[in-house]
Amino acid sequence: MNLLDSLYRDSKMDKIWSLDSTISYWLKVESELAGALADAQVISRNDAEAISKACSQGNIDTARLIRESANVGYPIVSLISMVCESLSAEQAGKVHWGATTQDIMDSALVLQIRDSLKHVLELQVQFGNCLSDLAQKHARTVMAGRTHGKQATPTTLGAKCAVFLDQLVGDRRRLLNSYSSISIVSLHGAAGTSAALYPHGERVRGALAARLNLENKTIPWHVNRSAVIEVGDAVSACLQTLTRLAREIIDLSRTEIAEVSEASSQYKGASSTMPQKANPIESESIIGFGISGSTHVQALHRASEAGHERSAGEWQIEWRVLPDVFTCVAAALTLAISATKNLQVFPDQMVKNCALDGGLLLAEAAMMHVAPRMGRDQAHKLLYEVCRDTRKLNENFERSLRAHLGEKFDGLFKDFSFDPSNHVGDASRVALEGVRIWSVSKADSNPI
Numbered sequence: 002m003n004l005l006d007s008l009y010r011d012s013k014m015d016k017i018w019s020l021d022s023t024i025s026y027w028l029k030v031e032s033e034l035a036g037a038l039a040d041a042q043v044i045s046r047n048d049a050e051a052i053s054k055a056c057s058q059g060n061i062d063t064a065r066l067i068r069e070s071a072n073v074g075y076p077i078v079s080l081i082s083m084v085c086e087s088l089s090a091e092q093a094g095k096v097h098w099g100a101t102t103q104d105i106m107d108s109a110l111v112l113q114i115r116d117s118l119k120h121v122l123e124l125q126v127q128f129g130n131c132l133s134d135l136a137q138k139h140a141r142t143v144m145a146g147r148t149h150g151k152q153a154t155p156t157t158l159g160a161k162c163a164v165f166l167d168q169l170v171g172d173r174r175r176l177l178n179s180y181s182s183i184s185i186v187s188l189h190g191a192a193g194t195s196a197a198l199y200p201h202g203e204r205v206r207g208a209l210a211a212r213l214n215l216e217n218k219t220i221p222w223h224v225n226r227s228a229v230i231e232v233g234d235a236v237s238a239c240l241q242t243l244t245r246l247a248r249e250i251i252d253l254s255r256t257e258i259a260e261v262s263e264a265s266s267q268y269k270g271a272s273s274t275m276p277q278k279a280n281p282i283e284s285e286s287i288i289g290f291g292i293s294g295s296t297h298v299q300a301l302h303r304a305s306e307a308g309h310e311r312s313a314g315e316w317q318i319e320w321r322v323l324p325d326v327f328t329c330v331a332a333a334l335t336l337a338i339s340a341t342k343n344l345q346v347f348p349d350q351m352v353k354n355c356a357l358d359g360g361l362l363l364a365e366a367a368m369m370h371v372a373p374r375m376g377r378d379q380a381h382k383l384l385y386e387v388c389r390d391t392r393k394l395n396e397n398f399e400r401s402l403r404a405h406l407g408e409k410f411d412g413l414f415k416d417f418s419f420d421p422s423n424h425v426g427d428a429s430r431v432a433l434e435g436v437r438i439w440s441v442s443k444a445d446s447n448p449i
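Using my numbering, the letters of the sequence shown correspond one by one to residues 2 to 449.
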């Protein structure tokens, strides 16, 4: 385990992807396969019940499983060997009937991914609620909007939060869609033809799908990993949203800007040498998880390059990558919940920053104020010259404009407000729309 994981791992996601849990998912599929074989009248109900009982975690020696699997290369041979040890010879002969290792592991992986997605969606609700609270509370909290790294026009903190909420709604939709796409059973046999179960393959697979609450598809997906990629891409998009938010918190908390700050506590974000430091450590860690997780997702695309009917090495990439991807997103979401819930906002500093650069934040508003009288192009030329003079002379925008226009100023700008709060456009409406769409999105849990 690396340092970042050790500091901030999400315990519930850790448990889902732990070795013990992974084994339990395999055992569940083997157990339900026996039941499905009985449902399709391929084996007796008594044999199925005995096999299901034998598919118990207590029958599995984990150390032995790892040792034997290192020799085989895959874990299911050792798993079913230990399951069979508590059965009669006749019953043991029915274990794993018609399946291949990848059928068991892929079906189990689907269950594991679905549980992971459920947890991510739960964390998203908490995160979205925190963002929504910020959007509503600060719908009219005026601040400088920034484009290309520089001040542009006035906006509100609530409107900024609404953009993140809209992004989060899209992330949630993609996660829900990926949940539906990945919900496929795998029981197609060695080369995808279900030959070992012929002529009962379709019935047994359908019965297994019903027992696991998954979809039954006739066409195998041993090497068609598009559904796995869809899950990875959906999680990656979520991580990118969190990373973008973290970068904004870090940027807005810079000493020169100081418009927001992560919550402070004893030694939180402290430096070993600079006593004054309170680093935005939650946001920094979100970026660490975000970039790491998104980078891992790229490997899933490479894993989809497997050839023929079964992979020769590409499949193993998923074993390494998927736990990390889900660990990263759960940890990043948990940190984002804390960062947004406890975010300190400094409205007075936001207003103060609007006056930086001599108040040129209102240049567009001034241009559009006079545009109806002289045309937008002439208004742009006028304001461009005024802005140059304002910067050159280190002057106040209003005074510079007055000096530039002389006696024409009162006629053109008598009824113009130099208060940024009067030039935020639809910012408040944007903020409240973000609150509304989030309220709708979080209530939609289909197809879960």
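Beta carbons are placed, not taken as given, at the ideal position from N, Cα and C, and that holds for glycine.
- Under the DSSP assignment, residue 299 falls in the alpha helix (DSSP H) whose first and last residues are 282 to 304.
- Excluding residues up to 5 positions away in sequence, 140 and 141 lie with their Cβ nearer than 6 Å to the Cβ of residue 429 in the same chain.
- By the Cβ criterion, the stretch 118 to 125 is not in contact with the stretch 23 to 35, since fewer than three pairs of Cβ atoms, one from each stretch, lie closer than 8 Å.
- Here the alpha carbons of residue 10 and residue 381 stand approximately 53 Å from one another.
- For residue 118, the closest C-alpha among the options 231, 198, 46 and 226 is that of 231.
- As a beta-bridge residue in DSSP terms, residue 216 pairs with 185.
- For the pair of segments examined, the stretch 221 to 229 was found not to touch the stretch 52 to 67: the number of CB pairs separated by less than 8 Å stays below three.
- DSSP, read as helix, strand or coil, puts residue 42 in coil.
- Distance between residue 424 and residue 133, taken at the CA atoms: about 23 Å.
- In the DSSP annotation of this structure, residue 155 is not part of any alpha helix (DSSP H); the continuous beta strand (DSSP E) holding it starts and ends at 151 to 157.
- With fewer than 16 neighbouring CB atoms inside 10 Å of its own CB, residue 308 falls in the exposed class.
- Under DSSP, residue 311 shares a beta bridge with no residue.
- Its chain contains 120 and 331 as the residues whose beta carbon lies nearer than 8 Å to that of residue 13, once the 5 sequence neighbours on both sides are disregarded; these appear in chain order.
- Per DSSP, the continuous alpha helix (DSSP H) segment holding residue 102 begins and ends at 102 to 138.
- In the displayed model, residue 261 falls within a strand according to three-state DSSP.
- In the DSSP annotation of this structure, residue 143 is not part of any alpha helix (DSSP H); the continuous beta strand (DSSP E) holding it starts and ends at 143 to 148.
- Membership of residue 87 in any alpha helix (DSSP H) is not indicated, and neither H nor E is assigned to it by DSSP.
- With the rule of 3 Cβ pairs closer than 8 Å, the stretch 352 to 368 does not count as touching the stretch 299 to 317.
- Around the C-beta of residue 107, 16 or more other C-beta atoms lie within 10 Å, and the residue is accordingly described as buried.
- For residue 416, no alpha helix (DSSP H) encloses it, and the DSSP letter there is neither H nor E.
- Note that the stretch 143 to 162 does not touch the stretch 175 to 188; fewer than 3 beta-carbon pairs, one per stretch, sit closer than 8 Å.
- The DSSP-derived three-state label of residue 330 is helix.
- Distance from residue 327 to residue 18 at the Cβ level is roughly 6 Å; contact confirmed, criterion being Cβ atoms closer than 8 Å.
- The alpha-carbon separation between residue 98 and residue 241 amounts to approximately 43 Å.
- With distances taken between CA atoms, residue 304 lies nearest to 323 out of 174, 202, 323 and 247.
- Residue 346 is bridged by DSSP to 261.
- Taking every protein chain shown into account, the CB of residue 420 has fewer than 16 other CB atoms within 10 angstroms, so this residue is exposed.
- In terms of Cβ geometry, residue 208 and residue 38 form a close pair [threshold 9 Å].
- Collapsing the DSSP output to three states places residue 24 in a helix.
- Residue 286 and residue 249 have their C-alpha atoms some 14 Å from each other.
- According to the DSSP assignment, residue 222 belongs to no alpha helix (DSSP H), since it is labelled neither H nor E.
- Buried is the label assigned to residue 113, since at least 16 other Cβ atoms lie within 10 Å of its Cβ.
- Residue environment analysis places residue 103 among the buried positions, since at least 16 neighbouring C-beta atoms fall within 10 angstroms of its C-beta.
- Setting aside the 5 residues that flank it on each side, residue 191 is surrounded in the same chain by 101, each with a C-beta closer than 6 Å to its C-beta; the list follows chain order.
- Of all alpha-carbon atoms in 433, 395 and 438, the one lying nearest the alpha-carbon of residue 158 is that of 433.
- The Cβ-Cβ distance between residue 135 and residue 438 does not fall below 9 Å.
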